[in-house]
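One structure below.
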Amino acid sequence: MKEDCPFKVGQAVIYKPSAKGLGYTPLGTGLVPYQEYRIQEIPKGAYILVEGYNPPGGGIHWTEFMAKDK
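Positions in the sequence shown are counted from 1; adding 107 to them yields this note's numbering.
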C-alpha cells in the first residue's frame with residue numbers, strides 16, 4: 108500500500124538519503140546529506156521539492172527525508 112508523505116509544505120526536514128537516493132543525487136550537484144531544508148511543494152503527495160533546489164523529475168521521494176525534530 109502506498110503511503111502518502113507525512114510532511115507539510117513549509118516544514119523543515121533533514122535530507123537523509125538512502126544508498127539508492129544518493130545514486131540519484133550525485134554529491135556536489137544536488138542536496139547535501141544531513142542538511143536542513145524547507146519544503147516548498149509536495150507533488151503527487153509523495154515527492155518533495157525543497158526551497159532552492161529543483162531536481163529533474165519533479166522531486167525526491169519523501170522517504171529520503173526525516174523531520175527536523177527527530
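The beta carbon of each residue, even a glycine, is placed where N, CA and C say it ideally should be.
The beta-carbon distance between Val120 and Gln147, rounded to whole angstroms, is 11 Å. This is too long to meet the 8 Å contact definition.
Gly130 is positioned such that its CB atom lies no closer than 8 Å to that of Ile167.
CA-to-CA, the gap between Lys123 and Tyr141 works out to about 5 Å. In the three-state DSSP reduction, Ala153 falls in the coil class, being neither helix nor strand. Annotated as distal: Pro163 and Leu156, with beta-carbon spacing of 8 Å or more.
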